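Right, one structure below, let's go through it.
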Amino acid sequence: MKLWVKIFLSILVLSLSTLTISITYIINENHIISMNREKERDLGEFELIATSLSNSLDFSGASTDTLTVIMDRYGDYYKSRGIYLGLYKDSKYVYNNFSSVKLDSYKKLLSVKKKEKIAQVIHSTSNDYILISKQMYDNVILLYARDISEIYTAKNNSITLYSIMLIILTCFLGVFSYLCSKWITRPLNALHKGVMAVSTGKYDISLSEHDKEFRDVANAFNQMARDVKDRTQELEERAKELQTFIDDLSHEMNTPLTSIQGYSSFLLSANASEEQKRTAAMYIHSESKRIRDMYSKLMVLSFAREHNIERQKYFCEEMVEELRQTFYHELMNQKINVTKEILVDYLMVDRTLFHMLLSNLVKNSIQAMDMGGHIHIKIYCQNNISKVIIQDSGMGIPEDKLEKVTKPFYRIDKSRSRKTGGAGLGLSICSKIVALHGGSIEILSTLGEGTTIIITLND
Amino acid sequence: MGHILIVDDEKSISDLIVMNLTMVGHTTEQAFDGKEALEKIRTEHFDLCLLDIMLPGKDGFELIDDFKKSTIPVIYLSAKNSLTDRVKGLQLGAEDYIIKPFETLELIVRIDVVLRREGKDKNIFTYNNVVVDMKKHLVLKNDKEIELTAQEYSLLEAMIQNQNLALTREQLLSIAWGYDYSGETRTVDMHIQRLRKKLGWEDIIKTVYKFGYRLEVPRT
């Protein structure tokens, strides 16, 4: 059952039953009160008649005829006031003017004991009476009766009136509680629509917040929808990135594998000359080395991704000196001049990773220069922000390719980087390392003039 | 045999193809990008071009129009293995589409198929006093016809097409007779023996230890 139906039925049943119980109670109470009042009144009247009768005649001595004459007089007088009288002597009636009531229905009243009174309400076919009896003298019983039908009629009228009222009220209450339950459950409907929309992927839904009590729920829901949207987008982007990475990786692996497979099968099957055999072996060697290099770089990349960095003091002088050592031969052979400008003593970084970062960048710079040229390394700190700048006078990067250089496997010049054995992972590793240090990397370049790399670290 | 242009920016792969095609008697030229390839077809005639798709500059899909203008049949040779790429390649008018990594044998067979379709295959193979006319399915020794069974002839043709490259018994079975024959590779041995005897080729049909057989012809 829907919530609004439950609320609707609850309101209706509760209000109708409360109403019915209370009105029934009131009608009954009223009826009992008026009955008691009538009884009091009748008892008083009866006592008056009995006293007056006792005074005017002697029950013990009077003959039946005398009794009849006296009773006749009283009877006629009281009949005009709606009161009927009867007198019984030795279980036979001497006088009775309420013949419309059958004897059987008030037989009990005739068994009244000496000096006692019995009052009873009896219902005949059309009318209702209150009857009172009293033994006036030995075996002489006075009976009193009055029609009280109007009290019952009044009660029945009240019941009819109330029934009509109840039907009308039911209609009104029905409409009211329907509207009421709909109004109460309106936020739930809105929420339901919202949830359905989110579950079908429409994250842009926003619940209105004009309802005061509903505002918190609506706010929370809207927040949730936004979060779900963001999270979903993030996941989609990540999946896409991963797919691209896997596609690129499989392509990168494909070429050396094709070579290795082809040359080894050539060695196995061909009627080859010694020179051809040597060429084939050389290619197998260099291509398998290419795969191994790629593998070790990928390991670094995945290491850098999961590694928790250990920040240590890394003295800048030491940093530059280590780079000079690493590339000693290349710098000598290509006659490259390295200058430094160090304005801060040390950086708090992960030594291993930071050395890897800088040597990747310097290696790129060296490869961008054929013969001669220079590399300038500047390290400084300003407003708690450290910057490492590596500037070279190499060939530079075309403007339209600047954005892509940090993507895995991206190479500006495929044939050139193959000669130097690059897999296109260097800058990708660099940006990962910088990101691990909570910094950012910026690449500025002018084609033919050189490239400047700015690493910003927030301390 | 054919004169084939190989357009691939990967030198190792290009060299590998050159080595294999030279072995079986084709002549080759290499180009490492589209520009170089276009220069080559302007000055020289080729029977076939093996074209990579991912090339620096103009890619393989863009280059095919120029090859079609020069009526050079093209076989794509690419690591792009998606159905859309393959369909696109064939719709653009390539004769075939070979996915890297490829088997050398497959490459040679597919090249032969295209050359034969274009009528550019060499029909006559000569060694000493033996002439094999592959158009007429005729084998002459000292101008006298030699009777070969259909199976022996197919085997001979397969070995000529893959000359200087050893073929396993299984490969010979599937190329020559066109079915996967996993059981009786001894059948191949029997037919080889008979071919050697009938043609007097005991010296050039070599048994390659633990591999198969190779038809060795001196290369020029």
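Residue numbers (our numbering), protein chains in the order written: chain A, -9 to 449; chain B, 2 to 221.
In this text, a Cβ means the ideal position worked out from N, Cα and C, and glycines have one as well.
Since we're looking at a predicted model, the values are computed, not measured.
Check: Listed from N- to C-terminal order along the chain, which residues in the segment 232 to 265 of chain A have their beta-carbon within a distance smaller than 7 Å of any beta-carbon of chain B?
Finding: His241, Asn244, Thr245, Leu247, Thr248, Ser249, Gln251, Gly252, Tyr253, Ser255, Phe256, Leu258, Ser259, Ala260, Asn261
Checklist line | Within-8 Å CB hit, Ser13(B) to chain A | finding: Taking the second sequence and counting its residues from 1, the one referred to as residue 13(B) is at position 12. Ser13(B) counts as touching chain A.
Next item on the list: Decide if Asn82(B) is buried, meaning its Cβ has at least 16 other Cβ atoms within 10 Å, or exposed.
Entry: In the second sequence, counting from the first residue as 1, residue 82(B) sits at position 81. Its Cβ having fewer than 16 others within 10 Å, Asn82(B) is exposed.
Next item on the list: For Gln324(A), name the three-state secondary structure that DSSP assigns.
Entry: Numbered from 1 along the first sequence, position 334 holds the residue referred to as residue 324(A). Here Gln324(A) sits in coil by DSSP.
Notebook entry, point to check: Which partner residues does Leu139(B) have in the DSSP bridge list?
Noted result: Start at 1 with the first residue of the second sequence, and residue 139(B) comes out as number 138. According to DSSP, which records beta bridges pairwise, Leu139(B) is partnered with Asp134(B).
Notebook entry, point to check: By the criterion of Cβ-Cβ separation under 8 Å, what are the contact partners of Tyr273(A) in chain B?
Noted result: Taking the first sequence and counting its residues from 1, the one referred to as residue 273(A) is at position 283. Within chain B, the residues near Tyr273(A) are Ser13, Asp16, Leu17.
Margin query: Using a Cβ-Cβ cutoff of less than 6 Å, which residues in the same chain neighbour Ser418(A) once the five nearest sequence positions on both sides are dropped?
Written below: Counting from one through the first sequence, the residue named residue 418(A) turns up at place 428. Excluding positions up to five away in sequence, the list reads Thr396, Pro398.
Check: Under 8 Å, do Gly35(B) and Leu17(B) count as touching if we go by C-beta distance?
Finding: Numbered from 1 along the second sequence, position 34 holds the residue referred to as residue 35(B). Numbered from 1 along the second sequence, position 16 holds the residue referred to as residue 17(B). It is not a contact, given that the beta carbons lie outside the stated cut-off.
Check: Who are the neighbours of Arg111(B) on chain A, taking C-beta pairs under 8 Å?
Finding: Taking the second sequence and counting its residues from 1, one reaches residue 111(B) at position 110. Here the premise fails: no neighbours, minimum Cβ distance about 15 Å.
Note to self: So, with DSSP's three-state summary, where would you put Leu216(B)?
What the structure shows: Here residue 216(B) is taken as the residue at index 215 of the second sequence, counted from 1. Strand at Leu216(B).
Check: Beta carbon of Ile443(A), beta carbon of Leu351(A): below 8 Å?
Finding: As a first step, residue 443(A) must be located in the first sequence, where it is residue number 453. As a first step, residue 351(A) must be located in the first sequence, where it is residue number 361. Against a cut-off of 8 Å, the Cβ pair of Leu351(A) and Ile443(A) comes out as a contact.
Margin query: Taking 6 Å as the limit between beta carbons, can you name the residues of its chain near Ser12(A), skipping five residues before and five after?
Written below: For the purposes of this step, residue 12(A) is identified with residue 22 of the first sequence, where counting begins at 1. Around Ser12(A): no qualifying Cβ.
Next item on the list: Have a look at Thr160(A) and Ile174(A) and give me their C-alpha separation to the nearest angstrom.
Entry: As a working mapping, residue 160(A) is identified with position 170 in the first sequence. As a working mapping, residue 174(A) is identified with position 184 in the first sequence. Distance between the alpha carbons of Thr160(A) and Ile174(A) is about 20 Å.
Notebook entry, point to check: Could you give the uninterrupted runs of the alpha helix (DSSP H) lying entirely in the segment -8 to 56 of chain A, keeping only those of 4 residues or more?
Noted result: -7 to 46
Margin query: Does chain A have any CB closer than 8 Å to the CB of Lys101(B)?
Written below: Walking along the second sequence from the start, residue 101(B) turns up at place 100. Taking Cβ atoms only, chain A reaches closer than 8 Å to Lys101(B), which makes this a yes.
Checklist line | Within chain B, the residues that Glu277(A) reaches when beta carbons sit closer than 9 Å | finding: Locating residue 277(A) in the first sequence gives position 287, counting from the first residue. Per Cβ cutoff of 9 Å: Ser13.
Note to self: Distance check for Asp194(A) and Arg216(A), CA to CA, integer angstroms please.
What the structure shows: The sequence position of residue 216(A) within the first sequence is 226, counting from 1. The sequence position of residue 194(A) within the first sequence is 204, counting from 1. Spanning the alpha carbons of Arg216(A) and Asp194(A) requires a straight line of approximately 7 Å.
Item checked: Interface residues of chain A facing Ala177(B) [CB-CB closer than 7 Å] -> Translated into the one-based positions of the second sequence, residue 177(B) becomes position 176. Simply none; closest approach about 16 Å.
Check: So, using beta-carbon positions, are Met126(A) and Ala40(A) closer together than 8 Å?
Finding: Numbered from its first residue, the first sequence carries residue 126(A) at position 136. Numbered from its first residue, the first sequence carries residue 40(A) at position 50. Their beta carbons are under 8 Å apart, which means Met126(A) touches Ala40(A) by this criterion.
Margin query: Quick check on this structure: which residue in Asp55(A), Gly72(A), Arg71(A) has the alpha carbon closest to the alpha carbon of Tyr78(A)?
Written below: If you number the first sequence from 1, residue 78(A) lands on position 88. Of the listed residues, the one whose Cα sits closest to Tyr78(A) is Asp55(A).
Check: Would the segment 160 to 167 of chain B and the segment 242 to 261 of chain A be scored as touching if the rule is three or more Cβ pairs under 8 Å?
Finding: yes
Checklist line | Test item: CB-CB of Tyr214(B) and Ile193(B) under 8 Å | finding: On the second sequence, residue 214(B) is found 213 positions in, with the first residue counted as 1. On the second sequence, residue 193(B) is found 192 positions in, with the first residue counted as 1. With a cutoff of 8 Å on beta-carbon distance, Tyr214(B) and Ile193(B) are scored as near each other.
Checklist line | Nearest-angstrom Cα separation, counted from Lys394(A) out to Ala32(B) | finding: As a first step, residue 32(B) is located in the second sequence; it is residue number 31 there, counting from the start. As a first step, residue 394(A) is located in the first sequence; it is residue number 404 there, counting from the start. Taking the straight line from one Cα to the other gives about 28 Å.
Next item on the list: Give the interface partners of Leu95(B) over in chain A, defined as CB-CB distance under 7 Å, in chain order.
Entry: On the second sequence, residue 95(B) is found 94 positions in, with the first residue counted as 1. Checking the sequence shown, residue 95(B) turns out to be Ala, not Leu. The premise fails here: Ala95(B) is roughly 19 Å from chain A at the closest Cβ pair, so nothing lies under 7 Å.
Item checked: Delimiting residues of the alpha helix (DSSP H) encompassing Asn261(A) -> Taking the first residue of the first sequence as 1, we reach residue 261(A) at position 271. Premise fails: Asn261(A) is in no alpha helix (DSSP H) and is neither H nor E.
Checklist line | Option nearest Gly90(B) by Cα separation, candidates Asp144(B), Phe103(B), Leu51(B) | finding: Here residue 90(B) refers to the residue found at position 89 of the second sequence. Of Asp144(B), Phe103(B), Leu51(B), the residue nearest in Cα terms is Leu51(B).
Next item on the list: Would you give the residue range spanned by the alpha helix (DSSP H) that Arg117(B) belongs to?
Entry: For the purposes of this step, residue 117(B) is taken as residue 116 along the second sequence, with counting starting at 1. Residues 105 to 118.
Note to self: Taking beta-carbon pairs under 9 Å, can you tell me which members of the segment 40 to 62 of chain B lie near chain A?
What the structure shows: Met55, Pro57
Checklist line | Residues that Asn165(B) contacts on chain A, provided the C-beta gap is smaller than 7 Å | finding: Looking up residue 165(B) in the second sequence gives position 164. Going along chain A in sequence order, the residues near Asn165(B) (Cβ under 7 Å) are Ala260, Asn261.
Item checked: 8 Å Cβ cut-off: residues of chain A touching Met160(B) -> Position 159 of the second sequence, counting from 1, holds the residue named residue 160(B). Per Cβ cutoff of 8 Å: no residues; Met160(B) is ~12 Å from chain A at best.
Check: Roughly how many angstroms lie between the CA atoms of Leu47(A) and Ala144(A), to the nearest whole one?
Finding: Within the first sequence, residue 47(A) is the residue found at index 57, counting from 1. Within the first sequence, residue 144(A) is the residue found at index 154, counting from 1. So the two alpha carbons sit approximately 40 Å from each other.
Notebook entry, point to check: Could one say the Cβ of Glu217(B) lies closer than 8 Å to chain A's Cβ atoms, at least one of them?
Noted result: Sequence index remark: in the second sequence, residue 217(B) carries index 216 (1-based). Chain A contact via Cβ: present.
Margin query: Does chain A have any CB closer than 8 Å to the CB of Phe126(B)?
Written below: To locate residue 126(B), count along the second sequence from 1; it is residue 125. By this cut-off, Phe126(B) is not an interface position.
Check: Residues in the segment 20 to 32 of chain B with C-beta within 7 Å of chain A's C-beta atoms, listed in sequence order?
Finding: Met20, Asn21, Met24
Next item on the list: Evaluate Tyr119(A) with the Cβ neighbour count: other Cβ atoms within 10 Å of its Cβ, from every protein chain shown; 16 or more gives buried, anything less gives exposed.
Entry: For the purposes of this step, residue 119(A) is taken as the residue at position 129 of the first sequence. Of the residues assessed, Tyr119(A) falls on the buried side of the cut-off, its CB having 16 or more other CB atoms within 10 angstroms.
Notebook entry, point to check: For Phe47(B) versus Ile5(B), is the C-beta spacing smaller than 8 Å?
Noted result: The sequence position of residue 47(B) within the second sequence is 46, counting from 1. The sequence position of residue 5(B) within the second sequence is 4, counting from 1. Yes, Cβ-Cβ distance for Phe47(B) and Ile5(B) is below 8 Å.
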